[in-house]
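Q:
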Amino acid sequence: MKLAAATAGTCAAAGVCQPQLKALAVDFSDKAETSDEKVFTTICRSNCFQGCKLDAHVRDGIVRKMTPSPYPEEDYTGCCLRGLTIHQRTYSPTRLKYPMKRVGDRGSDQWERITWDEALDEIAEKFTEYRKQYGDGAVAVEAASGNQGTVNAAKGVLTRFCNALKLTKIAGCYDMAYGYGTNRVVGGGPYGNASEIAGVKDAKTILIWGANPTNSSPQNWRFIEQAHEAGVRLVNIDPMYTGTAAKCDEWIPITAGTDVYLAMALVNYVVSNNLIDEDFARTRTTAPFLLSKQSGKILRSEEANAQITAATAKAPARNVPAYVWDEDAETYGSSDTVANPALEGTYSVDGEECTTVLTALKEAFAPYTLEEAADKTGVPVETIKEIADIYVNQGPVFLYTVFAIDHYQNAHLFGQAVAILHALTGNIGVPGTSLSGFWFWAGNFNGAGITTVGTSAAYGKLPQCALAETLDTGMTAGKEYPIKALLVACSNPLSNFAEQNLWFDTILPKLDYLVTMDTEFTDTARYSDLVLPVATWLEVDDVRVNFCNPFVVINEKAIDPLYESKPDAEIFALIAERMGYGEDVPNKDAKEWIKTFMTSDKLAADGIDYDRLVKEKAIRAIGTPDKPFVFSEKSFATTSGRAELYAESITPRVDYGQDYKEAAAKEHFPYARDAHEASAANNLHATYPLVLTTGHYRWRTHTQWFNNPTLRELDPEPIIYIGRDDARARGIKSDDEVTVFNDRGSFTLKAVVSDAVPSGYVNMPKGWQRNQFIKGSYQEVSSTSVDCLAVNFTFFDALVDVRKGE
Amino acid sequence: MQYALAIDTKRCIGCNTCAVACKIENNLPDTMWWNRVLTVGGDHTDTPQGSFPHLSMSYITLSCQHCKNPACTKVCPVGATYKDSETGIVMQDYKKCIGCRYCMAACPYNGVRNFNWREPEYTFDFSQGSEDVPSLVKGTVSKCILCNHRVKKGLEPACVAACPERARTFGDIDDPNSAISKLLASRSNYQLLDEKGTNPSVRFLS
Amino acid sequence: MRKVASVAAVVAVIGLCAWIFQCMNGLQVTGMRDQSSWGLYITNFMFFVGLSAGGLIISSAPKVFKLKGFGNISKVAVLTSIVCTILAICFVVVDLGSPWNIWHLFVYGHFTSPLMWDLCVLTLYLVLSIVYLVMLRREDDAAGVSSKLRGMSIAAFLVAILVHSVTAWIFSLNVSRAFWNTSLMAPWFVASALVSGTALVLVVVVALRRAGKLRLEDENVQKMAFILGVFVAVDLFFLFCDVLTGAYGGAGDAYDAIIMVLAGPVAPFFWAEVILGVVCLVIAFKPRLRASANLCVVASICAILGVFCKRAQIIEDGFGNVNLTYPGVETGPAVHGADGAWQGIGSALAYWPTGLECLVVLGIIALGVAVFCFVYPKIGQDR
Ligand SMILES: Nc1nc2c(c(=O)[nH]1)N[C@H]1C(S)=C(S)[C@@H](COP(=O)(O)OP(=O)(O)OC[C@H]3O[C@@H](n4cnc5c(=O)[nH]c(N)nc54)[C@H](O)[C@@H]3O)O[C@H]1N2
Ligand SMILES: Nc1nc2c(c(=O)[nH]1)N[C@H]1C(S)=C(S)[C@@H](COP(=O)(O)OP(=O)(O)OC[C@H]3O[C@@H](n4cnc5c(=O)[nH]c(N)nc54)[C@H](O)[C@@H]3O)O[C@H]1N2
Ligand code: SF4
Ligand code: SF4
Ligand code: SF4
Ligand code: SF4
Ligand code: SF4
Ligand SMILES: [Mo]
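Chains as they are written, first to last, in this note's numbering: chain A, 1 to 806; chain B, 1001 to 1206; chain C, 2001 to 2383.
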């Protein structure tokens, strides 16, 4: 059986394709086009990861258009339709213009305009009162991915505000399970598992697994397609046929939520057939480390163990050696001295029976046969072997996964397993490899200079997914923990958190006071008590350290804030001042904060500073044009400095008092389990036979641009894609109104019958607000059930059914 | 000289950036699109052709093809749409046009000529895009004029400069040494509805 | 007659107001859009050119071929032709998006355009018809057909044929729509013109006779009905040729166009045309039925409606038969406000007129009726 061939076909004659890459170079111009036009450099700060540098063209004090602004390296220049309409958000007819106070019931859309003084006084008074009566943490702040700048973003003055006042800063639960899983193997935290996208050219195969970059990362796609034209093979694993699948050389449909079975079986196949990269395994992974059978601990010297005990979060232990079996000397020795450690075998170390990690791993993975995987995933055995062949013979493999698999409850196990697969086949830490398409790079910037106020710290152990429960019980981690007020900025939680009805049933009724800072009447703003108008990206100075590209970029303020809007940083300072924390959260010019951010010893060593940024607008701060950054090229950010095939200690991503011990004990090696709900094995499947995925489409970044007039002309109303068989069985035709429902809620919208969707699924572009649906919202049907260790929303892990009509 | 566009359908991901760039650059009124992204696949945008899992889908963008043998210019009773002899661009003279819409009936590429069915309406109360685009006029036809105002200044058309996938190439196809001519020479390409004999200058690389 | 004239005048004024409204608000008040840029106005333009050409042809043909005529109808027929020509021109004018620029036609006239040809021929035709009518009026006083009048009738006859051919060329010379792009269209247009023109004259003369304004023997009515039947037969023959040519291939653009005609959203127009034609044929060719002037009128009305259906179908199918059916955003304002009743390519009629368009059309037709009523008493009866 051959891999299902996608029609796009390979660029067979790579030689023909290659020379055009440069011939097609576009002459990007950031010059003013007419004499009275001024051009400001800015950057898109939506959380689509791409970090596009843009020019804002200003005439008569109005931003007339946005154009892609050249990066010092042309390959990185580009933007999308959303970037081109950023100025329309500034001038949006529905923009929030003034502080608005609710006068009717929550959500009734009745508002009264008040002055900033009234608004700020009210907030300060209430917050002060709650903190006095219930403790600092009674005021919670929810900030998510709305602004990926620095000063005015969640990670900027907002965090300083939370730290200074010791508020509850709600912990994010978006996109963290996969990285939590890979972190067990390669370290680097939830996002430190990827290489610079320009490195795809060094790959032999790009495996796009659970991502749809033609929609969700169009700038990355440019690099992928260029590599493709140069002969790199593109393979896509996705339950649905997407724009990405259409471009790949092969597309392998898979049953959603079963990727972990595939990864486990691949590892088993590779190890049991001795297909691993032995050199790599020996020197760069913990494969030869000796693992005690009794304690389940890696055996190390006393000093090594002491090093580990002494480690702190700020100063973690790194490159700690462990015992390995010296095959030449036939005894154990330290991994940093033994030249020829045994990869496999059972040994005795001072009477303690142990095996190598690889031997233990083989045993742990042995049950995961190709046949079982084929059965679970719907991917034929032969195809799985071909994927294995890619890993073994057609590397370097650049794994381009983003956060679709992350949205199921077994995601971290997938992350852990696939990281092991890469480690064992040597597809990691070398040019052309990566464990993710989402490259997050925090750099050497002085973010702490903005956020820290002495040792004062916010309470950060209340995850988004537990907000409703905490409000309901008034408890967290077994302790009383009343939350009375919620301040929302750079986030639209009512729309983006799972299980929306929890807001109506629990969160809103239990919250005394909800304040939202935004630019539009989002779902969250609509149900707030007070709404504050913030300045848009074009109306503030800021700086962005990009994800997915290696630049730090300045954001020049193009125009003054319109109406009565104010920059976030200023709003926090004004509230703090009224609450007596003016000194801790000063109302500084954003440029000052940027200077702070750009000042660190390491930056100085690299010759990067504020003045240079002002002059050059964008500076590459990692890697070089010739040698793109490769993640973990030298060593891994793990205790051993190696890829850790065995996870010695398992702690939850956020410990908010949940019961996780039993689960943790099972995950030293990954194992495969079904998705929580979105699985044929679930009893609910009989009642709700369809998995609902809510994809990230070009028409919005999450909920941003939700009512942009230009984009709404292209994509006027919510639609859900349903496969032909499922549609026929329900008497549904394209353009029919349908209702999607499960026990948690329902929503009504227009259906489009699409052959891209296999039976058993429905898929819809996410980001619409409630009032854009005929009824309800897609977020009503998702679930807040999370894995106790990964603590991450699992948006796609939900079953629904669809009926025609309301 | 014949200015032209080459659109690489292998690179095009249907992202609509070019459509939006065109709309803003030329300050097009609400609901008007000179350049549109069409799905070559199923009955709806972004749906494929075939049955699961044997599927195919691609995109083309559609704007005036700047035909070498334009159907539109011949039929215009007042010469309001004409082929610029210097650039080969099929231009529109809003002042001359009487709004008979014969050109729209004559053009085989449906939807590339856009009539101003009303006084242009704008969501925003300021003009967007470039300062030097002429204002649209109620009761006359408008369409892509290959960003003549930019090309004159040596800039690329807005849609070309904005395409994140570098799928669009602009240039003179009468000059064998231009980048676009070389590109066309090196890749198989086709014209839309070539059987109509209009000889479009927009080429699709396949 | 005066009553009819005054009612018609009132309707015409309403139509005028509707047109002024349209000028102020733009053609968005019509059902036309970018994908179907012509509608009821151009349908009527074609239709009225046909009516006018047909009328003149049956009035002049007997003189041209030195045949016995249809009795006392020449002047009525020419007058209907003149009125229909004026109306046809009106339909072009109301269709313009920028009628205030109409003078550009004279200043910037661009003679590769069949529309320009048509306007020239139409003007010439109008002038000739008026002169012809004046000559007919004068000849009333003389005996026999003078050679001058005969010369004039030949000229008018030829221009009448030309005028409808050129109108056909406006459509048929377009490569854009497979459905239009056929050389059959010009002769077919002439045939249809004969059908509708003859039928209109027949209806008008019977009506005038009933109103006591015209003397006419039944025999002439029957003769006209018979010749109408012949024209309808020719028309149907062309229709058959067209369908066969398209369908025989079994695939391709022409085939698709025919399938659309037979079974697409516009099929009702096609089948109406066929059925109406057959009804007309039966009446015209069955002497017993033809004997009834009333039935002849019925046959004529069938014929007129049939031709109108054909005209509407040319517009609908022409625009419905789009070359690029790939889905994508529609450009241009929605037809009926925000909920956009326009269904998209292929799923329904490409075009449906709005009430306002119907008002304008009624107004123009009423204008014709008023002019006819006003002028008719002045042309005198035939000998
Ligand atoms: N069902 C379902 N739900 C999902 C997902 C899914 O796939 N399916 N995806 C999830 C994922 S992966 C993510 S990352 C989240 C994203 O969830 P969010 O981080 O909430 O993302 P946005 O919708 O972009 O919302 C951010 C809000 O910030 C506002 N904003 C932008 N700039 C500023 C600023 O400068 N200041 C202030 N104060 N506000 C600003 C925007 O107007 C917007 O209302 O959604 C999650 N929700
Ligand atoms: N335009 C746009 N771009 C965005 C965003 C946006 O909102 N809009 N959001 C940004 C953010 S925060 C995120 S997290 C990323 C998300 O980026 P992606 O992960 O690339 O996007 P998704 O659309 O969530 O899912 C990608 C693909 O995964 C497939 N998929 C679903 N379930 C499974 C599964 O079980 N297994 C496998 N193998 N595939 C599956 C889906 O069919 C889909 O085609 O996008 C970022 N980029
Ligand atoms: S939304 Fe993403 S791709 Fe689009 S301009 Fe912004 S950063 Fe770039
Ligand atoms: S911008 Fe480029 S990739 Fe996007 S739709 Fe247009 S041509 Fe295609
Ligand atoms: S595409 Fe149509 S409008 Fe453009 S030049 Fe060709 S015929 Fe004319
Ligand atoms: S609408 Fe204007 S451009 Fe088109 S044919 Fe008529 S006059 Fe010419
Ligand atoms: S060339 Fe200019 S006018 Fe034509 S489609 Fe591109 S942006 Fe629009
Ligand atoms: Mo995300």
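Where a beta carbon is used, it is the ideal one built from N, C-alpha and C, also for glycine. This one's a predicted model, so the numbers in the text were calculated from it and none came from an experiment.
#1: One question on the structure: do B:M1207 and C:G2332 come within less than 9 Å of each other, judged by their Cβ atoms?
#2: With distances taken from CA atoms, which of C:L2027, C:A2291, C:Q2035 is nearest B:W1117?
#3: Considering only C-alpha positions, which residue in the set A:I450, A:F438, A:A265, A:H412 is nearest to A:A366?
#4: Quick one: does C:E2139 have its CB under 9 Å from some CB of chain B?
#5: At a Cβ cut of 7 Å, what residues of the region 1097 to 1110 of chain B count as close to chain C, listed as they run along the chain?
#6: Between the Cα of A:L462 and those of A:G478, A:A256, A:E330, A:S456, spot the shortest distance and give me the residue it belongs to.
#7: Starting from the beta carbon of A:R64, find every residue of chain B whose beta carbon is closer than 9 Å, and list them in chain order.
#8: Closest by CA to C:V2195, which one among C:A2303, C:S2098, C:H2104, C:G2252?
#9: Which whole-angstrom value is the C-beta distance of A:T748 and A:E806, which I expect to be below 8 Å?
#10: State yes or no: is the C-beta of A:L84 nearer than 8 Å to some heavy atom of ligand 7?
#11: If you drop the 5 nearest sequence neighbours on each side, which residues of the same chain put their C-beta closer than 6 Å to that of C:Q2222?
#12: Tell me whether A:P670 sits in a helix, a strand or coil according to DSSP, three-state version.
#13: Locate the beta strand (DSSP E) running through A:M176, then write down its first and last residues.
#14: Please list, in chain order, the residues of the region 2250 to 2280 of chain C that have any C-beta partner in chain E closer than 7 Å.
#15: Could you check whether the region 1016 to 1029 of chain B touches the region 753 to 763 of chain A, counting it as contact only if at least three pairs of C-beta atoms, one from each stretch, sit closer than 8 Å?
#16: Taking 9 Å as the cut-off, decide whether the C-beta atoms of B:Q1092 and A:K65 are in contact.
#17: Under 9 Å between the Cβ atoms of A:P68 and A:G83?
#18: Under a criterion of Cβ closer than 5 Å to any non-hydrogen atom of ligand 7, which residues qualify, in chain order?
#19: What number of angstroms, rounded off, separates the C-alpha of B:L1193 from the C-alpha of B:R1203?
#20: Give me whichever residues DSSP pairs with A:I62 in a beta bridge.
#21: What number of angstroms, rounded off, separates the C-alpha of B:K1152 from the C-alpha of B:Y1102?
#22: Against chain A, with Cβ distances strictly below 9 Å, would B:Q1002 count as a contact?
#23: Using a threshold of 8 Å, is the CB atom of C:V2201 nearer than that to any non-hydrogen atom of ligand 5?
#24: With C-beta atoms as the reference, is A:V786 less than 9 Å away from A:G257?
#25: List, in chain order, every chain B residue whose beta-carbon is nearer than 7 Å to that of A:C80.
#26: Output yes if chain B places a C-beta closer than 9 Å to the C-beta of C:S2165; else output no.
#27: Given this structure, state the Cα-to-Cα distance separating C:I2379 from C:S2300, to the nearest angstrom.
#28: Going along the chain, which unbroken runs of the alpha helix (DSSP H) with 4 or more residues stay wholly within the region 1133 to 1204 of chain B?
#29: Over the uninterrupted beta strand (DSSP E) stretch that includes C:F2372, give me the two end residues.
#30: What does B:A1021 reach in chain A if we use C-beta pairs closer than 7 Å?
#31: Report whether the distance from the Cβ of A:D328 to the nearest heavy atom of ligand 1 is below 8 Å.
#32: Helix, strand or coil for C:W2342? Go by DSSP, reduced to three states.
#33: Put A:I208 into one of helix, strand or coil per three-state DSSP.
#34: Reducing DSSP to helix, strand and coil, say where A:M100 ends up.
#35: Could you pull the start and end residues of the alpha helix (DSSP H) that A:E125 belongs to?
#36: Helix or strand or just coil, what does DSSP make of A:A154?
A: To lay it out plainly:
#1: Nothing can be reported for residue 1207 of chain B: it is not among the residues displayed for chain B, which extend from 1001 to 1206.
#2: B:W1117 has its Cα closest to that of C:L2027, out of C:L2027, C:A2291, C:Q2035.
#3: Selected option, being the one with the closest Cα: A:A265.
#4: Not a single C-beta of chain B is nearer than 9 Å to the C-beta of C:E2139.
#5: Listed in sequence order: C1097, I1098, G1099, C1100, R1101, Y1102, M1104, A1105, A1106, C1107, P1108, Y1109, N1110.
#6: Closest option to A:L462, Cα to Cα, is A:G478.
#7: Listed along the chain, the chain B residues whose CB falls inside 9 Å of the CB of A:R64 are I1024, N1027, F1126, S1127, Q1128, G1129, S1130, E1131.
#8: Put simply, of C:A2303, C:S2098, C:H2104, C:G2252 the residue whose alpha carbon is nearest the alpha carbon of C:V2195 is C:A2303.
#9: Between A:E806 and A:T748 the Cβ distance is about 5 Å, and since that is below 8 Å, they are a contact.
#10: It does not: the Cβ of A:L84 is nowhere closer than 8 Å to a heavy atom of ligand 7.
#11: Once the five neighbours on either side are set aside, the close Cβ partners of C:Q2222 are R2290.
#12: Reduced to three states, the DSSP call for A:P670 is coil.
#13: Counting along the chain, no beta strand (DSSP E) covers A:M176, and no H or E run does either.
#14: The structure shown contains no chain E; its protein chains are A, B and C.
#15: The region 1016 to 1029 of chain B, when compared against the region 753 to 763 of chain A, does not touch it at the 8 Å Cβ threshold.
#16: Cβ distance not < 9 Å, so B:Q1092 and A:K65 don't count as in contact.
#17: Cβ atoms of A:P68 and A:G83: closer than 9 Å.
#18: In chain order, the qualifying residues are B:C1022, B:W1034, B:N1035, B:S1063, B:C1144, B:L1146, B:C1147, B:P1157, B:A1158, B:C1159.
#19: In this structure, the CA atom of B:L1193 is about 11 Å from the CA atom of B:R1203.
#20: Answer by DSSP bridge pairing, in chain order: A:R59.
#21: Cα to Cα, B:K1152 sits roughly 29 Å from B:Y1102.
#22: Closer than 9 Å: no.
#23: No, the beta carbon of C:V2201 sits no closer than 8 Å to any heavy atom of ligand 5.
#24: No. Outside cutoff.
#25: Here the neighbours are C1015, T1017, P1164.
#26: Interface criterion not met: the Cβ of C:S2165 is under 9 Å from no Cβ in chain B.
#27: CA-to-CA, the gap between C:I2379 and C:S2300 works out to about 24 Å.
#28: The region 1133 to 1204 of chain B contains these whole alpha helix (DSSP H) runs: 1148 to 1151, 1158 to 1162, 1179 to 1186.
#29: That residue, C:F2372, is in no beta strand (DSSP E); its alpha helix (DSSP H) goes 2355 to 2379.
#30: Within chain A, the residues L84 have their CB atoms less than 7 Å from the CB of B:A1021, given in chain order.
#31: Incorrect: A:D328 has no Cβ contact closer than 8 Å to ligand 1.
#32: In this prediction, C:W2342 scores a pLDDT of 43, lower than 50, which makes its location untrustworthy; no coordinate-derived value is stated.
#33: Reduced to three states, the DSSP call for A:I208 is strand.
#34: Note: A:M100 maps to strand in three-state DSSP.
#35: Segment 116 to 134, the alpha helix (DSSP H) holding A:E125.
#36: DSSP places A:A154 in coil when its eight states are reduced to three.
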